[in-house]
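Participant: What follows is a single structure, and I will ask about it in a moment.
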Amino acid sequence: NALATCLADKGVKEYGAFWCPHCAEQKKMFGKAYDILTERDVYIECDPRCILDTRGNLPTACKGQRANVDECLIKGVDGYPTWIFPDGKKLEGTQSPATLARVSGCEYSGSVQ
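Following the working numbering, the numbering of the sequence shown begins with 21 at its first residue and continues without gaps.
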């Protein structure tokens, strides 16, 4: 929880897509702490299918995450997951929690759950 909270506090962003197996792997690394990343808008969904339908509902596959395609395009995201840090540093692909902590300046105790 501490790492996820710190990433959110520092303004780190993770760009991904609901169908991406590497994003699922990244999510698994965080366990329950990943909820912090979604609740605090660290995770940004990039798949353009994750938009509201005429009834105001998202497709079930989007798991409640509404796409922000414009932000993904502006940030130059072309692979998932892509982590972007406030200083502009970009890491593509699945990253270990230790790497995310080191690059962001967050503390990491070796456990994220």
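Just so you know, even glycine gets a beta-carbon here, dropped at the ideal spot from N, CA and C.
Computed from a prediction, not measured in an experiment: that's the story for all the values here.
List the endpoints of the continuous beta strand (DSSP E) containing residue 54.
Facilitator: Counted as a single uninterrupted DSSP element, the stretch harbouring residue 54 is not any beta strand (DSSP E) but the alpha helix (DSSP H) occupying residues 54 to 59.
Participant: Expressed to the nearest angstrom, what Euclidean distance is found between the alpha-carbon atoms of residue 52 and residue 58?
Facilitator: Each residue's alpha carbon lies about 11 Å from the other.
Participant: What separation, rounded to the nearest whole angstrom, lies between the Cα atoms of residue 104 and residue 22?
Facilitator: 19 Å
Participant: Which residue wins for smallest C-alpha separation from residue 84, given the options 41, 90, 70 and 94?
Facilitator: 70
Participant: Relative to the C-alpha of residue 97, which candidate in 56, 79 and 63 has its C-alpha closest?
Facilitator: 63
Participant: Which word fits residue 124, buried or exposed, when buried means at least 16 other C-beta atoms lie within 10 angstroms of its C-beta?
Facilitator: Buried.
Participant: Verify whether the separation of the beta carbon atoms of residue 101 and residue 35 is less than 8 Å.
Facilitator: yes
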